[in-house]
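**Student:** Attaching a single structure in structure tokens format; questions to follow.
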Amino acid sequence: MLITLPPDYKPSDDEAFMNPRQLAYFRQKLLRWRAELLREAGETLSSMGQGGIVEADLTDRASVETDRALELRTRDRARKLIAKIDQALERVDNGTYGYCEETGEPIGLRRLEARPIATLSIEAQERHERMERVHRDD
């Protein structure tokens, strides 16, 4: 079922949570985010494929190598983010998107707007982070 959203549509607490319009909105948001990350990755591959480092000065060469290493770390983070976006799209498809994996409660539109790949409600995320801090200090 294809739903056409008005260009100014924003999910609202006044409508049923994760109704077809909201699901379509978040699907589009996730797909746009994914496309942007893939475009940036393509640009990185293109720029890195344009030959080796030709800087004669050691300082310039080190700077270029540092920039490339940083770019590769950024691309690795983007790769992991794309996997999380794909998982969120699967949740949209199977009807579990927007609901906390831990409690089954709605995550909340504001949180999903800020972090569309969220899988935990704010309360569950805070509990999870407190547990991590406790166990990390051991």
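Those letters in the sequence shown? Residues 1 to 138, per the UniProt record's numbering, in order. A virtual CB, placed ideally from N, CA and C, is assigned to each residue, including glycine. These numbers come from a predicted model, not from an experiment.
1. For ILE122, report the span of its alpha helix (DSSP H) as first-last.
2. If residue 151 and GLY98 are in contact, beta carbons under 8 Å, what's the gap, nearest whole angstrom?
3. LYS10 to SER63, Cα distance in whole Å?
4. Specify, as a first and last residue, the run of the alpha helix (DSSP H) that ASP93 falls within.
5. Going along the chain, which residues of its own chain have a beta-carbon closer than 7 Å to the beta-carbon of THR44, five neighbours each way excluded?
6. Who does TYR97 pair with in a DSSP beta bridge?
**Tutor:** So, from the data block:
1. 122-136
2. Since the first residue shown for the chain is 1 and the last is 138, residue 151 is missing from the structure and cannot be characterised.
3. Put simply, the backbone Cα of LYS10 is about 43 Å away from that of SER63.
4. Counting along the chain, the alpha helix (DSSP H) containing ASP93 begins and ends at 58-94.
5. GLU71 and ARG75
6. Answer is none; TYR97 lacks a bridge partner.
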